[in-house]
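K.L.:
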Amino acid sequence: MRKITIDPVTRLEGHGKIEIFLNDAGKVANTYFQVPELRGFEKFSEGRPAEDMPQITQRICGVCPEAHHMASTKALDELFHVDPPSPAKKLRELLYSAFYVTDHTTHFYILGGPDFVMGPDAPVAERNILGVIGKVGLELGGAVINARMQNHKIIQMVGGRAVHPVFGLPGGVSKALNEEERKEIEQIARDSVEFAKLSLKVFDDIVLQNKEYVDMIVSDAFTHRTYYMGLVDENNKVNFYDGKVRVVDPEGKEFAKYAPREYLKHVAEHVEPWSYMKFPYLKNVGWKGFADGKDSGVFRVAPLARLNAADGMATPLAQEAYEKMYSTLGGKPVHHTLAMHWARLIELLYAAERLLELSQDPEITSPDIRTIPTAVPDEGVGIVEAPRGTLIHHYVTDERGVIKKANLIVATVNNAAAINMSVKKAAMALIKPGKEITEGLLNRIEMAWRPYDPCFACATHNLPGSSPLPIEIYDSKGKLIKKFPAG
Amino acid sequence: MAKLKVAFYWAASCGGCEIAQLQIGDKLLKLAEAADIVFWPVAIDVKYKDVEAMPDKSIDACLFNGAIRNSEQEHIAKMLREKSNVMIAYGACAYEGGIPGLANLFNRQMIFDRAYIETESTDNKDKTFPQTSYQVPEGELHLPEFYNTVKTLRQTIDVDYIIPGCPPEEKTTWLALEALIEGKLPPKGTVISHSAKAVCDDCDLKRDVKKITKIYRPFEIIPEPEICLLEQGLLCQGIATRGGCGAPCTQANMPCTGCYGPVEGVIDQGTHFLSALASVIDSNDPEEIQRIVDDVLDPVGTFYRYSLPDSLLRGASIK
Amino acid sequence: MSFEPKIIAFLCNWCSYRGADLAGISRMKCAPNVRPIRVMCSGRVEPDFVLKAFEAGADGVLILGCHSGDCHYVEGNYKTIRRIALLKKMLSQLGIEDERLRLEWVSASEGARFVSITNEMTEQVRKLGPFSHRNGGSNG
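Residue numbers (the working numbering), protein chains in the order written: chain A, 8 to 494; chain B, 35 to 353; chain C, 1258 to 1397.
Encoded structure:
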């Protein structure tokens, strides 16, 4: 058998390798998406004081540290049996909404987006953010960089640091907001709503108006009929920060709805000897292998799954966008993996609207941000929706609050089985005997996993060869003062 | 002038260093003008085979973040060392091992047992573990070997510079990149930061004589604003940590956890803070001292949060 | 061949080093396993000296200072108590047995006490076996 290796997978956060086996006839016999990394957080958390966990576990992922920080802090609330004051919860959700704006922006424009904007077969040197900016224009490019930088500024203002915030405590947060900061955040939120609307329009112009892309999106090669999971509020609307976990079956019917502390009754993890990453599945359906359908316990998380599992969005503009997506793609649930890119932009809009709502909340500048825990700690579970999926932190401690056991089910891992299946299906559809296996073709196979994992940020960078994007800077009198590249 | 060729790579890391590099914002245009990025898996589709094909010393500078946890990371570190003129350890994991370094309190078997057998949600009755080599019906699959001990980059290859932080703050990153672009790198071995002194120098809180009679955990008290956190009994490690970060954590009312590494000249960061803390405990009575010390629940995890692999003993002895 | 522990002993100039000298001059029989290092005060012993000793091959570390209230520098030995209390907690997390680090007070006139502590510690560490450095083990 012939083996084709893609190593490493690129334009994501983390390490991965794809092995494609071709039989003698040149057809795909099987594919394996291997994750070669492991660091052992679930073990080395043992012995750590629980209040250190938000800062320790956020080093699981520096692209979404806020997600871990938040899940961990919520687990601490339950562990110490303490209820934070309402302003503290709102500050947490405010930071979390700003974070979603940065992260979803990053994925669409920098990680997954270049495949659509530049085209799957575009040369490696162009298939990245600079190529994207060149194509969509400097004004939008500047807006992308700005949206990220401004929302990172919010994270720093509220959480202490732009990367790896420090403010989460059992019973509240460490820092309050003043009116000056609040005003600045409100303005950034307004700009973010406009930016999100613009991004949906970009998606419409570049992707939905392009028949080749729409065919790709709805094609069977990039479609799987699975269960879907996401957090919902009491009205069954998508909520990133809090709520109950809801699971719907491949036909969209509610299959389960549970509070965070009940997660062990619903989710289990399967191990394969060829990957360091485990494969979660629905316990009450069972592990039936890498298969679609109602009888297989494989489920999916992250933007499309969240929208499928909920009944709608909690803010008006996002709700409108939500309805448009489902009416365009033929109703709920949508099984087309590439539609995750669309769902992600709808979530971007919701995050921005929610950010604006919270920035205008009368409680947001309150100094009442801490409740001091007094009870003896024992066990706690915290669940949030990380951009890449449902994130679970579960801690058991001794009576002083030192971790005895930690169990973490981390967002993307929930998609592990689906990622493997998506790569295989795409490879089987795209690799045909006699057809040349080009770099572009291998990239199309990578496009099967990219919608799942938007875990990295890169505002702008350069490429081998020359920049496709000349930049000219003029002063207020219209005089050219600088050019990139120079000369 | 020919453009610099720069590579970025991540080993056992979280990706926060990549985000940190982008925090320099529009200064990235200056970088883009001066340099081509020839390898950066997070953002560019250049693969390992492309790097293998590059001539030795053809990369002007490589910014390498992440600790060395497995054989693939060791291999890539050595390969990039050959291909690069200047090797820079970027961030706490490459510098001192970072938070993944806490795994040096355990060994591989203990980590595997927890991850693949004992965790409450794992269903693995067959006790399957990931294998470095595994036969599937179609052929053979390989995974890198997970080592028993996390190593730093300097323990693996020769390193020219260090940019400290978890992650490095924007101004620290730019200090190094600007030096690289202008060809004004400092002497080999320099830890590049605005400060060689302690974080206290960056911090605005008011300092007085330190006399600690009780140690508090951050959730137990609401600290007085504007007063040194260590003086209030919080385990703020700024006193034994290199500054240059601007002390953002103490500004957010949280104690410094030591992410910029030790101050200039100190080899073992953890014992340095231990000694400083001992000096300011205000008691000469052995019983009272023991009572105060009992409130330090996790000396290794607190004092060596980012630096265990780089410490004198590198980790725990395991029978 | 039985294992001969290597014990590094930090002895303060004013009390315990003189006590050790006295034991020598008095020809008291003493286990030869201790390698003395003279410091001006037990408070000079930084925690990383202890770690360095283990890293360099010591199986045990002994710190001897002046009795409470007798420190030549008044409070140096109190600082030692605080440092060693914290260090012992840290060492236990690092898998190092409590008996491998010992802090005692020995005055200039206590030659016999020096000998009895030295002999006792040598036997305790002999029973524990050689110190096994994490980095000395295979990393595979």
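Backbone N, C-alpha and C define an ideal beta-carbon position, used for all residues, glycine too.
So what does DSSP say about GLU261(A), is it helix, strand or coil?
P.N.:
The sequence position of residue 261(A) within the first sequence is 254, counting from 1. Looking at GLU261(A) - three-state DSSP - the assignment turns out to be strand.
K.L.:
Could you check how far apart the C-beta atoms of ASN158(A) and ALA105(A) are, in whole angstroms? I think they sit under 8 angstroms.
P.N.:
Here residue 158(A) is taken as the residue at index 151 of the first sequence, counted from 1. Here residue 105(A) is taken as the residue at index 98 of the first sequence, counted from 1. Their Cβ separation, rounded to whole angstroms, is 4 angstroms, which keeps ASN158(A) and ALA105(A) in contact under 8 angstroms.
K.L.:
Could you please give me the residues that DSSP links to ALA275(A) through a beta bridge?
P.N.:
The residue labelled residue 275(A) in the question sits at position 268 within the first sequence. In DSSP, ALA275(A) forms a bridge with TYR288(A).
K.L.:
For ASN421(A), tell me which candidate among PHE306(A), GLU354(A) and LYS442(A) has the shortest Cα-Cα distance.
P.N.:
Counting from 1 along the first sequence, the entry for residue 421(A) is found at position 414. Nearest C-alpha to ASN421(A): PHE306(A).
K.L.:
Does PRO461(A) get closer than 8 angstroms to chain B when you measure Cβ to Cβ?
P.N.:
Walking along the first sequence from the start, residue 461(A) turns up at place 454. Because PRO461(A) carries a pLDDT of 39, less than 50, the predicted location of this residue cannot be relied on, and the following value inherits that uncertainty. Answer no: the Cβ-Cβ gap between PRO461(A) and chain B never drops below 8 angstroms.
K.L.:
Which one of GLY54(A), THR381(A) and VAL430(A) has the shortest CA to CA distance from VAL16(A)?
P.N.:
Within the first sequence, residue 16(A) is the residue found at index 9, counting from 1. Of GLY54(A), THR381(A) and VAL430(A), the residue nearest in Cα terms is VAL430(A).
K.L.:
So is GLN303(B) buried or exposed if we call it buried at 16+ other beta carbons inside 10 Å?
P.N.:
Within the second sequence, residue 303(B) is the residue found at index 269, counting from 1. Burial call: buried.
K.L.:
With distances taken Cα to Cα, identify the nearest neighbour of GLY49(B) among LYS432(A), GLY23(A) and VAL70(A).
P.N.:
The residue you call residue 49(B) lines up with position 15 of the second sequence. Closest option to GLY49(B), Cα to Cα, is VAL70(A).
K.L.:
Does any residue of chain C bring its CB to less than 8 angstroms from the CB of CYS96(B)?
P.N.:
Here the question's residue 96(B) lines up with position 62 in the second sequence. Taking Cβ atoms only, chain C never reaches closer than 8 angstroms to CYS96(B), which makes this a no.
K.L.:
List the residues of chain C whose Cβ lies closer than 7 angstroms to the Cβ of ALA312(B), in chain order.
P.N.:
Counting from one through the second sequence, the residue named residue 312(B) turns up at place 278. Going along chain C in sequence order, the residues near ALA312(B) (Cβ under 7 angstroms) are LYS1336, ARG1339, ARG1340 and LEU1343.
K.L.:
Could you give the C-beta distance for ILE256(B) and VAL170(A), rounded to a whole number, given that I count them as a contact under 8 angstroms?
P.N.:
For the purposes of this step, residue 256(B) is taken as the residue at position 222 of the second sequence. For the purposes of this step, residue 170(A) is taken as the residue at position 163 of the first sequence. Not a contact, Cβ separation roughly 26 angstroms.
K.L.:
In terms of alpha-carbon separation, which member of ILE213(A), GLN62(A) and CYS68(A) lies closest to LEU83(A)?
P.N.:
Counted from its first residue, the first sequence places residue 83(A) at position 76. Selected option, being the one with the closest Cα: GLN62(A).
K.L.:
Buried or exposed: VAL1291(C), going by 16 or more other Cβ atoms within 10 Å of its Cβ?
P.N.:
Residue 1291(C) sits at position 34 when you count from the first residue of the third sequence. Buried, since its Cβ has 16 or more Cβ neighbours within 10 Å.
K.L.:
Do we get a CB-CB distance below 8 angstroms when we pair LEU347(B) with the residues of chain C?
P.N.:
The residue labelled residue 347(B) in the question sits at position 313 within the second sequence. Output row for LEU347(B): interface = yes.
K.L.:
Which residues bound the alpha helix (DSSP H) around PRO1304(C)?
P.N.:
The residue given as residue 1304(C) occupies position 47 in the third sequence. That run of the alpha helix (DSSP H) goes 1304–1313.
K.L.:
Just checking, does the stretch 139–159 of chain A make contact with the stretch 43–59 of chain A on the three C-beta pairs under 8 angstroms criterion?
P.N.:
Touching, no, given that fewer than three Cβ pairs across the two stretches are closer than 8 angstroms.
K.L.:
Please report the residue range of the alpha helix (DSSP H) in which GLU193(A) lies.
P.N.:
Taking the first sequence and counting its residues from 1, the one referred to as residue 193(A) is at position 186. 186–210 is the extent of the alpha helix (DSSP H) around GLU193(A).
K.L.:
Count Cβ pairs between the stretch 30–46 of chain A and the stretch 357–366 of chain A that sit closer than 8 angstroms; are there 3 or more?
P.N.:
No, they do not touch.
K.L.:
Does the contact criterion of 3 or more C-beta pairs under 8 angstroms hold for the stretch 1265–1276 of chain C versus the stretch 293–302 of chain B?
P.N.:
No, the stretch 1265–1276 of chain C does not touch the stretch 293–302 of chain B.
K.L.:
Name the chain B residues whose beta carbon is nearer than 7 angstroms to that of GLN41(A)?
P.N.:
Looking up residue 41(A) in the first sequence gives position 34. In chain order: LEU175 and LEU177.
K.L.:
Quick check: the Cα distance between PRO471(A) and PHE337(B), rounded to an integer number of angstroms?
P.N.:
For the purposes of this step, residue 471(A) is taken as residue 464 along the first sequence, with counting starting at 1. For the purposes of this step, residue 337(B) is taken as residue 303 along the second sequence, with counting starting at 1. Interpretation of PRO471(A) is limited by its pLDDT of 26, a score under 50 that renders its predicted location unreliable; no figure is taken from the coordinates.
K.L.:
Distance cutoff 8 angstroms, beta carbons only. Does ASP302(B) sit that close to anything in chain C?
P.N.:
Position 268 of the second sequence, counted from the start, is the residue given in the question as residue 302(B). Yes - at least one Cβ of chain C is within 8 angstroms of the one on ASP302(B).
K.L.:
With 7 angstroms as the limit, tell me which residues of the stretch 298–314 of chain A have their beta carbon closer than that to any beta carbon of chain B; keep them in chain order.
P.N.:
Cβ contacts with chain B come from no residue of the stretch 298–314 of chain A.
K.L.:
What would DSSP say about ARG66(A), mapped onto helix, strand or coil?
P.N.:
As a first step, residue 66(A) is located in the first sequence; it is residue number 59 there, counting from the start. It is helical.
K.L.:
Measure the C-alpha to C-alpha separation of ARG232(A) and LYS339(A) and round it to an integer number of angstroms.
P.N.:
Counting from 1 along the first sequence, the entry for residue 232(A) is found at position 225. Counting from 1 along the first sequence, the entry for residue 339(A) is found at position 332. So the alpha carbons of these two residues sit roughly 12 angstroms apart.
K.L.:
Would you please verify whether the beta carbon of LYS240(B) is less than 8 angstroms from any beta carbon of chain A?
P.N.:
Translated into positions along the second sequence, residue 240(B) becomes position 206. Judged by the 8 angstroms Cβ criterion, LYS240(B) is not in contact with chain A.
K.L.:
Hey, ALA358(A) and PRO310(A): beta-carbon distance below 8 angstroms or not?
P.N.:
The residue given as residue 358(A) occupies position 351 in the first sequence. The residue given as residue 310(A) occupies position 303 in the first sequence. No; because the gap between Cβ atoms is not below 8 angstroms, this pair is not in contact.
K.L.:
What separation, rounded to the nearest whole angstrom, lies between the Cα atoms of SER79(A) and ALA183(A)?
P.N.:
Here residue 79(A) refers to the residue found at position 72 when the first sequence is read from its first residue. Here residue 183(A) refers to the residue found at position 176 when the first sequence is read from its first residue. So the two alpha carbons sit approximately 20 angstroms from each other.
K.L.:
So, with DSSP's three-state summary, where would you put SER47(B)?
P.N.:
Taking the first residue of the second sequence as 1, we reach residue 47(B) at position 13. Three-state result, SER47(B): coil.
K.L.:
With a floor of 3 residues, list each beta strand (DSSP E) that falls wholly inside the stretch 134–216 of chain B, ordered by position along the chain.
P.N.:
Fully enclosed beta strand (DSSP E) runs of 3 or longer: 167–170, 173–176, 180–185 and 195–197.
K.L.:
For HIS109(B), count neighbouring C-beta atoms within 10 Å of its own C-beta (all shown protein chains included) and say buried if the count is 16 or more, exposed if not.
P.N.:
The residue you call residue 109(B) lines up with position 75 of the second sequence. Exposed.
K.L.:
What three-state label does DSSP hand TRP74(B) in the structure shown?
P.N.:
By one-based count along the second sequence, residue 74(B) stands at place 40. In the structure shown, TRP74(B) sits in coil (DSSP, three-state: anything other than H, G, I, E or B).
K.L.:
Indicate whether at least one CB of chain A lies closer than 8 angstroms to the CB of ASP157(B).
P.N.:
Counting from one through the second sequence, the residue named residue 157(B) turns up at place 123. Closer than 8 angstroms to some Cβ of chain A, the Cβ of ASP157(B) qualifies, so yes.
K.L.:
Could you compute how far the alpha carbon of THR162(B) sits from the alpha carbon of ASN138(B)?
P.N.:
Residue numbering aside, residue 162(B) sits at position 128 when the second sequence is read from its first letter. Residue numbering aside, residue 138(B) sits at position 104 when the second sequence is read from its first letter. About 23 angstroms.
K.L.:
Give a yes or no on whether the minimum CB-CB distance between ILE133(B) and chain A is below 8 angstroms.
P.N.:
As a working mapping, residue 133(B) is identified with position 99 in the second sequence. Output row for ILE133(B): interface = yes.
K.L.:
With GLY1322(C) as the anchor, note down where its beta strand (DSSP E) starts and where it stops.
P.N.:
Along the third sequence, read from residue 1 onward, the residue named residue 1322(C) stands at position 65. First-last of the beta strand (DSSP E) with GLY1322(C): 1317–1322.
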